[in-house]
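Visitor: Numbering (full-length UniProt numbering), first residue to last: 1 to 373.
#1: Just verifying my parser: in three-state terms, what is the DSSP assignment at residue 196?
#2: Please name the residue, chosen from 321, 265, 183, 138, that lies closest to residue 294 on a Cα-to-Cα basis.
#3: According to DSSP, residue 323 sits in a beta bridge with which residue or residues?
#4: Below 8 Å on the Cβ atoms is my contact criterion, and I expect residue 191 with residue 144 to pass it. Report the Cβ-Cβ distance as a whole number of Å.
#5: By the 10 Å Cβ neighbour count, where 16 or more other Cβ atoms means buried, how is residue 214 classified, buried or exposed?
#6: Is the shortest distance between the beta-carbon of residue 138 and the beta-carbons of chain C less than 8 Å?
#7: Quick check: residue 350 and residue 285, are their CB atoms within less than 8 Å of each other?
#8: Can you tell me where the beta strand (DSSP E) holding residue 347 begins and where it ends?
#9: Could you pull the start and end residues of the alpha helix (DSSP H) that residue 232 belongs to?
#10: Between the C-alpha atoms of residue 312 and residue 365, what's the straight-line distance to the nearest angstrom?
#11: Please classify residue 451 as buried or exposed, where buried requires at least 16 neighbouring CB atoms within 10 angstroms.
#12: What is the C-beta distance between residue 303 and residue 370, in whole angstroms, given that I count them as a contact (C-beta under 8 Å)?
#13: Have a look at 193, 169, 203, 194 and flag the residue whose alpha-carbon is nearest the alpha-carbon of residue 187.
#14: From the DSSP output, in three-state form, read off residue 190 for me.
#15: Within this structure, are the beta carbons of residue 354 and residue 278 separated by less than 8 Å?
#16: Using only alpha-carbon positions, find the residue among 287, 263, 323 that is nearest to residue 231.
#17: Would you say residue 282 and residue 315 are within 8 Å of each other, going by their C-beta atoms?
#18: For residue 208, collect the residues of the same chain with a Cβ closer than 6 Å to its Cβ; drop the 5 residues on either side in sequence, then sort them by chain order.
#19: Could you work out which residue in 182, 300, 269, 299 is closest to residue 148 when comparing CA atoms only?
#20: Have a look at residue 197 and residue 162 and give me their C-alpha separation to the nearest angstrom.
#21: With H, G and I counted as helix, E and B as strand and the rest as coil, what does DSSP make of residue 246?
#22: Compare the C-alpha of residue 152 against each of 292, 212, 240 and name the closest.
#23: Does the separation of the CB atoms of residue 298 and residue 338 fall below 8 Å?
#24: Residues in its own chain within less than 7 Å of residue 176 by CB, not counting five upstream and five downstream?
#25: Mind listing, in chain order, the continuous beta strand (DSSP E) runs of no fewer than 3 residues lying wholly within the segment 139-219?
#26: Residue 135: buried (16+ other C-beta within 10 angstroms of its C-beta) or exposed?
#27: Please state whether DSSP places residue 313 in a helix, a strand or coil.
#28: Find out if the Cβ-Cβ distance for the pair residue 274, residue 301 is shorter than 8 Å.
#29: Contact defined as beta carbons within less than 8 Å: I believe residue 267 pairs with residue 288. What is the distance between those atoms, to the nearest angstrom?
#30: I'd like the list of long-range same chain contacts for residue 233, defined as Cβ closer than 8 Å, with 5 residues on each side in sequence excluded.
#31: Report all residues from its chain with a CB closer than 6 Å to the CB of residue 332; omit the five preceding and five following residues, and keep chain order.
#32: Please list, in chain order, all residues of the same chain as residue 347 whose beta carbon is under 8 Å from its beta carbon, the five residues on each side excluded.
#33: What do you get for residue 360, buried or exposed, if any count of 16 or more other CB atoms within 10 angstroms of its CB means buried?
#34: Buried or exposed, going by whether 16 or more other CB atoms sit within 10 Å of the CB of residue 194?
#35: Could you check where the alpha helix (DSSP H) with residue 366 kicks off and where it finishes?
#36: Looking only at its chain, what residues have a beta carbon closer than 6 Å to the beta carbon of residue 199, apart from the 5 residues adjacent to it on each side?
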């Protein structure tokens, strides 16, 4: 082997060595970040926090680090992209997760803390007769999870945020139980399709539409939003065909999922029961054509926002609520009804996440909507 060949081989070996080392460092940072985030959770269960950190690191390894390891020639840019994806994904997902998912076979998913709650309440008849499982799918041929008790007369369709899945919001079933609506209310948790996200340097992840920026003047992906809206519209139609009255169908979501809920709820041809938006905004501005039937019956809207949210700033949420109120008033709705039925709640000390106080307010809202029959 010539000296030139030896030198070339050495450079190649160094590239691979430092490339793998760089990705290892990025993965370590992600694992540490996930561990720090998980340690901030309110749960006293240390094993739960460690499992969450391990899960986050495993997801990063399989979805980000492994593919980039095969592209040693672009290690530097891949490492930067991997770190950004890790940080953004952990930021956009709801971080105050208190439930634990356990796989209960290929056809159902059990919610860990909900099972434990029932196990500790032997005298509760609801725990004895209700199988505590979420079935796979959104109930209409798409990905996600759903809970459909046989005697249901109401439905909550809830959309996750950027980079998350239906599994990130399974504790809503616990909220149903706490609100005593679990025996008569369906829960549908769709999972968004995977697509390139401009904000994340084009990396593919679950998203209801592309996100091109976080500023107020960033151009929105109307085509992507409308495609996701069409999917949720079909789920609503299926629920109505199954016998659920439109006035007892709520649409809700976190962050980007909440934006989709605004779009679906305000433009629906049906007079829906209301909208829930957590850490979110109303998209597309004046391009949204608010359904005229909401003039006579103002939709119940609950918008919750963390005061320290740096991803979707609180002012975006406040502006969204005021904009919706003003649009309805301009169409002829009574101002006092718009003030009464459209609520904005701010939570001090909360960032782009959810906490127990917010979930309690959501529980009260669900009780008012679904417990009224």
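C-beta: ideal position from N, C-alpha, C; glycine also.
Guide: In short, the structure shows the following:
#1: In the structure shown, the three-state DSSP call for residue 196 is strand.
#2: Selected option, being the one with the closest Cα: 265.
#3: Within the DSSP secondary-structure output, residue 323 pairs in no beta bridge.
#4: Between residue 144 and residue 191 the Cβ distance is about 5 Å, and since that is below 8 Å, they are a contact.
#5: Exposed, since its Cβ has fewer than 16 Cβ neighbours within 10 Å.
#6: This model lacks chain C altogether; it includes just one protein chain.
#7: Going by C-beta atoms, residue 350 is not nearer than 8 Å to residue 285.
#8: Counting along the chain, the beta strand (DSSP E) containing residue 347 begins and ends at 342-347.
#9: Per DSSP, residue 232 belongs to the alpha helix (DSSP H) from 222-241.
#10: C-alpha separation (whole angstroms): 23 Å.
#11: Residue 451 lies beyond the residue range present for the chain, which begins at 1 and ends at 373; the question has no answer from this structure.
#12: Not a contact, Cβ separation roughly 19 Å.
#13: The closest CA to that of residue 187, considering only 193, 169, 203, 194, is found on 169.
#14: Looking at residue 190 - three-state DSSP - the assignment turns out to be strand.
#15: In this structure, residue 354 places its C-beta atom within 8 Å of the C-beta atom of residue 278.
#16: Cα-wise, what sits closest to residue 231 is 263.
#17: The criterion of a C-beta distance shorter than 8 Å is not satisfied by residue 282 and residue 315.
#18: Only residues of its own chain outside the window of five on either side were considered, and among them 192, 228, 256, 260 have a CB closer than 6 Å to the CB of residue 208, listed in chain order.
#19: Among 182, 300, 269, 299, the Cα nearest to that of residue 148 is on 182.
#20: If you draw a straight line from the Cα of residue 197 to the Cα of residue 162, it comes to about 9 Å.
#21: In the structure shown, the three-state DSSP call for residue 246 is helix.
#22: Of the candidates 292, 212, 240, 240 places its Cα closest to the Cα of residue 152.
#23: Contact flag set, yes.
#24: The residues are 182, 185, 187.
#25: Listed in chain order, the complete beta strand (DSSP E) runs (minimum 3 residues) inside the segment 139-219 are 144-147, 154-159, 185-190, 194-197, 203-206.
#26: With fewer than 16 neighbouring CB atoms inside 10 Å of its own CB, residue 135 falls in the exposed class.
#27: In the structure shown, residue 313 falls within a coil segment according to DSSP collapsed to helix, strand and coil.
#28: A Cβ-Cβ contact shorter than 8 Å links residue 274 with residue 301.
#29: Taking a contact as a CB-CB distance under 8 Å, the pair residue 267 and residue 288 counts as one, their CB atoms being some 6 Å apart.
#30: A distance below 8 Å between beta-carbons, with the five flanking residues on each side excluded, links residue 233 to the following residues of its chain, in chain order: 264, 268.
#31: Listed in chain order, the non-local C-beta contacts of residue 332 below 6 Å within the same chain comprise 295, local neighbours out to five positions each way being set aside.
#32: Answer for residue 347: 304, 305, 306, 307, 355, 357, 358, listed in chain order.
#33: It counts as exposed.
#34: With fewer than 16 other Cβ atoms within 10 Å, it is exposed.
#35: Run containing residue 366: 356-370, per the alpha helix (DSSP H) assignment.
#36: The beta carbon of residue 199 sits closer than 6 Å to those of 211, all from its chain and outside the five residues before and after it, given in chain order.
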